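Asks: Take a look at this one; I'll ask things after.
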Amino acid sequence: MINRPLFFLLAALSAFAPLAIDLYLPSLAAIGDELQASSGQVQQTVTVFLAGFALGMLFYGPLSDRYGRRRVIFAGTTVFVAASVACMLAQSIEQLLVFRLLQAFGGGAAAVISRAVVRDLFGETDSARVMAMIAMVTSLAPMVAPLLGAYILELGSWRYEFLALALFGLACTVATYVLLPETLGQGRSQSSIAHAFQGYSIVLKQANARMLILAGGGHFAAMFAYITGTPFVYIEFFGLSEKTYALLFGSNILTLIAFGYVSTRLVKRTGTTLLIQVGSALGLLGALFVLASAWNGGNQPWNLGLMVSGFWLCVGSLGLVAPNTTAQLLGKNPNNAGAASALYGCAQFGLGGLASWAVSLVHDETALPMAGTVLVFAALACASSQRLKR
Numbered sequence: 487m488i489n490r491p492l493f494f495l496l497a498a499l500s501a502f503a504p505l506a507i508d509l510y511l512p513s514l515a516a517i518g519d520e521l522q523a524s525s526g527q528v529q530q531t532v533t534v535f536l537a538g539f540a541l542g543m544l545f546y547g548p549l550s551d552r553y554g555r556r557r558v559i560f561a562g563t564t565v566f567v568a569a570s571v572a573c574m575l576a577q578s579i580e581q582l583l584v585f586r587l588l589q590a591f592g593g594g595a596a597a598v599i600s601r602a603v604v605r606d607l608f609g610e611t612d613s614a615r616v617m618a619m620i621a622m623v624t625s626l627a628p629m630v631a632p633l634l635g636a637y638i639l640e641l642g643s644w645r646y647e648f649l650a651l652a653l654f655g656l657a658c659t660v661a662t663y664v665l666l667p668e669t670l671g672q673g674r675s676q677s678s679i680a681h682a683f684q685g686y687s688i689v690l691k692q693a694n695a696r697m698l699i700l701a702g703g704g705h706f707a708a709m710f711a712y713i714t715g716t717p718f719v720y721i722e723f724f725g726l727s728e729k730t731y732a733l734l735f736g737s738n739i740l741t742l743i744a745f746g747y748v749s750t751r752l753v754k755r756t757g758t759t760l761l762i763q764v765g766s767a768l769g770l771l772g773a774l775f776v777l778a779s780a781w782n783g784g785n786q787p788w789n790l791g792l793m794v795s796g797f798w799l800c801v802g803s804l805g806l807v808a809p810n811t812t813a814q815l816l817g818k819n820p821n822n823a824g825a826a827s828a829l830y831g832c833a834q835f836g837l838g839g840l841a842s843w844a845v846s847l848v849h850d851e852t853a854l855p856m857a858g859t860v861l862v863f864a865a866l867a868c869a870s871s872q873r874l875k876r
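Heads up, the sequence shown is in the working numbering, so the first residue is 487 and it goes up one at a time.
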C-alpha cells in the first residue's frame with residue numbers, strides 16, 4: 487500500500503476545502519462587525535470560495551497531466567498561501583471577497599491533484615481503498631475545524647484564522663517538496679496546453695464517466711443541502727441547543743467514516759460499481775426518510791429521530807459512493823487523470839453550491855425546502871449509478 491507520511495500528506499492536501507471553509511465559520515459575525523458588512527455579504531465569502539475552488543480544479547487538472555503533479559501543486563499552494571495572508575490583511579468586505587476567491591482558486595490544485603496522485607500510484611481497486619482511507623481522515627476536518635477556529639478567535643482576532651490557513655498551506659508546500667515524488671513519470675504528455683485541456687472532452691464523451699460524475703456530484707450536493715439546512719431545522723424548528731446540533735452533526739461524520747471503512751473492507755471482493763450502486767440506493771432511502779419527517783411537519787421527538795436516521799443513511803453512504811466513483815473514473819482515464827479529477831471535483835462543488843443556494847432560496851420556516859433538495863440530488867445520484875456498466 488502507501489507509506490504513512492505520504493498518506494497523511496495526501497489527506498492534508500484533500501482537506502484544503504473543509505479547513506478553509508469551516509475554520510473561520512465561528513468568526514463570521516466578528517468579520518461583519520469589523521468590516522462593517524451585512525451578514526449576507528459575509529456569507530458570500532463562503533459562496534465565492536466554492537466557486538473559486540471549482541474553477542481552480544478545472545484549471546489545474548489538465549495542467550497536471552501536461553506538466554506533472556509536483557510543480558502544479560507548488561503553484562496552487564503558493565497562491566493559496568499568498569491569498570490567505572491577503573485575507574488576513576483585508577480592510578473591506580470587497581477585498582476579502584476577492585482574496586477568498588483567489589485563495590480557493592489556489593487550493594483547488596491540492597484537492598484535484600491529490601486524487602490524481604493516488605491514481606498514478608495504484609490500480610482501480612487499490613485506489614478506491616486508499617481514497618476511502620483518506621476520506622476517513624479528512625472527514626475529521628469538519629468536526630475539528632470550527633472548534634479550532636473558535637479557540638483561535640479567542641486569541642483576539644478573526645485574522646489569526648487566515649494566518650493559520652497560510653501556515654497550513656506553507657506546511658503542505660514544504661511537505662510536498664520533501665515527501666511527494668513526481669508520480670506522472672514517463673507518462674507525462676508532451677502535447678500543447680490546448681491539447682491537455684481537450685482531456686475534458688475525452689472524458690465527457692464516455693457515458694460511464696458522465697454517470698460517475700453525476701453519481702458522485704449528486705450525492706455530494708445532497709450532503710451540502712443537509713449542511714445548509716440543518717442549522718435552521720435542528721435549532722429553530724426542532725428547538726435543539728447548539729451543542730446538541732453539534733453532536734448530531736458529528737454523528738453524521740462518524741457514519742461517513744464508518745461507511746468508508748466498510749468500503750475499504752469490501753471493495754476487493756465486490757468491485758467499485760456495486761458499492762456505488764448500493765451507496766446511492768441507501769442515500770436515496772435516507773432522503774426519503776428525511777422527506778417523510780419534513781412532510782409530517784411536527785417537531786415531536788420521533789419525527790426528529792426519523793430525520794436523524796435518514797441523514798445517517800444519506801450522508802454516511804457517501805463513504806461508499808465518493809471513493810469508488812473517483813477511483814473508477816480516474817482508473818478508466820489514466821492519461822487524463824487530472825482532467826477527470828477536475829471534472830469530478832467541479833461537479834461536487836458546483837452541484838453542492840447549487841443545492842446550498844436552492845435551500846436558502848425557497849426557505850419557508852419549515853424543513854421541506856431542505857428535504858426536497860436533498861431528495862432531488864439523492865435521486866440524481868441513484869439514477870446515475872444504476873446506469874453504470876459493471
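Every residue gets a Cβ at the ideal spot worked out from N, C-alpha and C, and that includes glycine.
Just so you know, these numbers come straight off a predicted model, no measurement behind them.
Run the CB neighbour count on G526, radius 10 Å, all protein chains shown included, and call it buried at 16 or more, exposed below.
Replies: Mapped onto the sequence shown, residue 526 falls at position 40. By the neighbour-count rule (16 or more Cβ atoms within 10 Å), G526 is not buried but exposed.
Asks: Give, in chain order, every unbroken run of the alpha helix (DSSP H) that is at least 4 residues long and sits entirely within the stretch 491–516.
Replies: Fully enclosed alpha helix (DSSP H) runs of 4 or longer: 502–508.
Asks: Between the Cα of K924 and the Cα atoms of F706, F539, L829, T730, which residue gives the shortest distance?
Replies: Residue 924 is absent from the model: the chain starts at 487 and stops at 876.
Asks: Could you work out which residue in L509, F775, L874, L799 is closest to L634 when comparing CA atoms only?
Replies: Within the sequence shown, the letter at position 148 stands for residue 634. Among L509, F775, L874, L799, the Cα nearest to that of L634 is on L509.
Asks: Could you compute how far the alpha carbon of L427 sits from the alpha carbon of L792?
Replies: Because the chain in this structure spans residues 487 to 876, residue 427 falls outside the shown range and cannot be described.
Asks: Kindly give me the distance between the Cβ atoms of A503 and G562, rounded to whole angstroms, as I take these residues to be in contact under 8 Å.
Replies: Numbered from its first residue, the sequence shown carries residue 503 at position 17. Numbered from its first residue, the sequence shown carries residue 562 at position 76. With a Cβ gap of about 12 Å, A503 and G562 do not count as contacting.
Asks: Counting pairs of beta carbons, one from the stretch 643–657 and one from the stretch 566–573, are three or more of them closer than 8 Å?
Replies: The stretch 643–657 vs the stretch 566–573: in contact.
Asks: What's the call for G802, buried or exposed, on a 16-neighbour Cβ count within 10 Å?
Replies: As a position in the sequence shown, residue 802 is number 316, starting the count at 1. Classification for G802: buried.
Asks: Check Q786 in the structure and name its three-state DSSP category.
Replies: Against the sequence shown, residue 786 aligns to sequence position 300. Correct three-state label for Q786: coil.
Asks: Does any residue of chain C have a CB that is nearer than 7 Å to the CB of V616?
Replies: Of the protein chains in this structure there is only one, and it is not chain C.
Asks: Considering just the uninterrupted stretch of the alpha helix (DSSP H) at V565, what are its terminal residues?
Replies: One-based indexing of the sequence shown puts residue 565 at position 79. Unbroken alpha helix (DSSP H) run through V565: 555–575.
Asks: When you compare only the Cα positions, how much space is there between W798 and K875?
Replies: Position 312 of the sequence shown, counting from 1, holds the residue named residue 798. Position 389 of the sequence shown, counting from 1, holds the residue named residue 875. Spanning the two alpha carbons is a distance of roughly 28 Å.
Asks: At what residue ranges does the stretch 520–556 contain a whole run of the beta strand (DSSP E), taking only runs of 3 or more?
Replies: Whole beta strand (DSSP E) segments, 3+ residues: zero.
Asks: Measuring only the C-alpha atoms, how far is R586 from A618?
Replies: Reading the sequence shown from its first residue, position 100 is the one you call residue 586. Reading the sequence shown from its first residue, position 132 is the one you call residue 618. Cα to Cα, R586 sits roughly 29 Å from A618.
Asks: Have a look at V528, P809, F591, V584 and flag the residue whose alpha-carbon is nearest the alpha-carbon of G547.
Replies: The residue given as residue 547 occupies position 61 in the sequence shown. G547 has its Cα closest to that of F591, out of V528, P809, F591, V584.
Asks: Given a cut-off of 7 Å on the beta-carbon distance, is the pair S870 and M697 in contact?
Replies: Here residue 870 is taken as the residue at index 384 of the sequence shown, counted from 1. Here residue 697 is taken as the residue at index 211 of the sequence shown, counted from 1. A contact, by the Cβ cut-off of 7 Å.
Asks: So the candidates are Y553, L840, S500, D551; which of them puts its Cα closest to the Cα of I713?
Replies: As a working mapping, residue 713 is identified with position 227 in the sequence shown. Out of Y553, L840, S500, D551, L840 has the C-alpha closest to the C-alpha of I713.
Asks: If you follow the alpha helix (DSSP H) that A632 is part of, which residue opens it and which one closes it?
Replies: The sequence position of residue 632 within the sequence shown is 146, counting from 1. The question names Ala, but residue 632 is Pro in the sequence shown. 627–639 is the extent of the alpha helix (DSSP H) around P632.
Asks: Under the assumption that S779 contacts G796 (Cβ atoms under 8 Å), give the Cβ distance between them as a whole number of angstroms.
Replies: As a first step, residue 779 must be located in the sequence shown, where it is residue number 293. As a first step, residue 796 must be located in the sequence shown, where it is residue number 310. The pair is a contact, with the Cβ atoms about 7 Å apart (cut-off 8 Å).
Asks: On the three-state DSSP scale, how would you describe A853?
Replies: By one-based count along the sequence shown, residue 853 stands at place 367. DSSP places A853 in coil when its eight states are reduced to three.
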